[in-house]
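Here's the structure we're looking at; comments come further down.
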Amino acid sequence: MKSIVDNLQLSILLVGAGARILVFDNRYNIEGRATTDLDFAVKVNNWLDFHTLSTEMTQGANPCFRHTKIQHRFIHISTYIEVDIVPFGAIGEPNQEIQWSNGTKMSIVGFNEAFSTAETLVIEDIEFKVVNLPTLIVLKLIAWNDRKATKDLEDIYFVLKNYNDDNRVFVELVDELSQGLVEYEETGSFLIGRDIRNNFSSATIEQLIKIISQILQKEILYFLN
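Written out as structure tokens, the structure reads:
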């Protein structure tokens with residue numbers, strides 16, 4: 000996969016639960032929701048670029064993937080792992096939204112910021128970019144807004160419940176803790192929220208606030224019923 004993308008001079012980013020395992024589960028020695036697929040985002044200018052990538056993956060000199068009925072989903076031939084690839088970049092202008100061939104629209108809000116703030120990891124001599132933790136939360140919120148999948152909220156809850164960084168807490172949140180503005184148990188979520196605010200555009204933040212409001216309203220209705 001990486002060699003194909005490099006040959007086409009494209010940029011790719013690991014997102015989704017696979018990214019969560021690398022940037023959270025493994026680092027904090029905690030096991031979250033298992034996943035049997037991988038999600039990538041690829042930076043392209045237009046649908047021709049995406050089609051070229053798709054063709055190279057499935058019909059190139061040494062094809063490693065096969066198509067599925069879903070435009071963005073591929074099967075790795077030797078491992079049978081599902082690989083989803085979402086295009087972002089200029090292809091989503093001006094509204095940071097794409098439309099698949101079946102007419103389904105998908106928001107790619109946050110992907111440009113995700114790429115610019117991504118971490119670079121090296122595993123088995125393969126170097127690749129992976130979203131950082133705050134960005135993972137952002138993309139999970141955007142994904143939930145599109146598809147309303149429970150797994151997105153499960154991943155968000157898992158990270159917010161278990162994330163903590165005392166090194167940051169007792170440097171960055173001394174005033175907030177002493178003034179009672181935040182409880183110690185909430186410091187992990189507070190830090191992630193601050194990181195999101197500092198690294199994403201005001202337009203993205205506004206959309207996130209709307210999405211979180213929807214989630215909270217659904218939770219209230221659930222308990223009322």
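Going letter by letter, the sequence shown gives residues 0 to 224 in numbering that gives the first Met the number 0.
We treat Cβ as the ideally placed atom computed from N, Cα and C, and that holds for glycine.
- Closest by C-alpha distance to Leu-7, out of Ile-107, Tyr-27, Phe-49, Ile-136, is Phe-49.
- Short of 8 Å from the beta carbon of Ile-211, and not among the five residues preceding or following it, lie these beta carbons of its own chain, in chain order: Leu-140.
- In this chain, the alpha helix (DSSP H) harbouring Ile-191 covers 186-198.
- Following the DSSP letters along the chain, one finds Phe-64 inside the beta strand (DSSP E) bounded by residues 64-66.
- When the beta-carbon positions are compared, Asp-83 and Asp-151 stay at least 8 Å from each other.
- Counted as a single uninterrupted DSSP element, the alpha helix (DSSP H) harbouring Gln-58 occupies residues 46-58.
- Taking 8 Å as the cut-off, the beta carbon of Glu-96 is found closer than this to the beta carbon of Ser-106.
- Beta-bridge partners assigned by DSSP to Met-105: Ile-97.
- In the three-state DSSP reduction, Leu-135 falls in the helix class (H, G or I).
- The three-state secondary structure of Ala-40, taken from DSSP, is strand.
- Two segments are said to touch when three or more pairs of C-beta atoms, one from each, lie closer than 8 Å; by this definition the region 13-23 does not touch the region 54-73.
- In the three-state DSSP reduction, Arg-72 falls in the strand class (E or B).
- Thr-186 counts as buried, since at least 16 other C-beta atoms from the protein chains shown sit within 10 angstroms of its C-beta.
- Comparing alpha carbon positions, the residue from Tyr-183, Thr-78, Ser-200, Lys-217 closest to Asp-164 is Tyr-183.
- Relative to the Cα of Ser-188, the nearest Cα in the group Val-4, Ile-155, Leu-207 belongs to Ile-155.
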